[in-house]
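Working notes, structure below.
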Amino acid sequence: MEKRQRVILFGRTVILGTVSVSLQNRPDFEVICLSAPFPNLKELAEMKPDVILFDMEKTYPLVAFSLLAIFTKLQLISINPSTNQLMVWSGQQFHELSMQDLIFVIQQKELFGSYMRG
Numbered sequence: 130m131e132k133r134q135r136v137i138l139f140g141r142t143v144i145l146g147t148v149s150v151s152l153q154n155r156p157d158f159e160v161i162c163l164s165a166p167f168p169n170l171k172e173l174a175e176m177k178p179d180v181i182l183f184d185m186e187k188t189y190p191l192v193a194f195s196l197l198a199i200f201t202k203l204q205l206i207s208i209n210p211s212t213n214q215l216m217v218w219s220g221q222q223f224h225e226l227s228m229q230d231l232i233f234v235i236q237q238k239e240l241f242g243s244y245m246r247g
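In terms of my numbering, the sequence shown opens at residue 130 and continues consecutively.
Printed below as a string of structure tokens:
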């Protein structure tokens, strides 16, 4: 059996509630819903999330952004229900930045950009 991805929903809003119900119906996701008071950095790190979702209009979880430096494969995804858009925040790191690394990052942006243009 494949490892289930641990998805943390940071906050309680209508959009996150809808996302929670949809993801919980899929066997490949383990969904954890958090509400205030939110965990500190150590507590959140101990949860070992693969993905953290938050509503951009309601919450800006600085603690989740701090995790990007620890878990470089973490997907931090913000949803903006007013504009019907999502944004993927990257924790990908390059220790000795080269021009090739920079080009790789730019090309990845172009890949995601094609989804956002619709």
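Built from N, CA and C at the ideal position, the CB exists for glycine as well.
- F233 and S227 have their C-alpha atoms some 10 Å from each other.
- A direct Cα-Cα distance of roughly 16 Å separates E175 from P190.
- Residue burial annotation: I144 is buried, with at least 16 other C-beta atoms found within 10 angstroms of its C-beta.
- Between V217 and Q204 a beta carbon distance of about 6 Å is seen, short of the 8 Å cut, so the two are scored as contacting.
- Judged by DSSP in its simplified three-state form, D184 adopts strand.
- Here V150 has no same chain residue with a Cβ atom under 6 Å from its own Cβ, once five neighbours each way along the sequence are excluded.
- Excluding sequence positions up to five before and after A165, its CB lies less than 6 Å from no other CB in the same chain.
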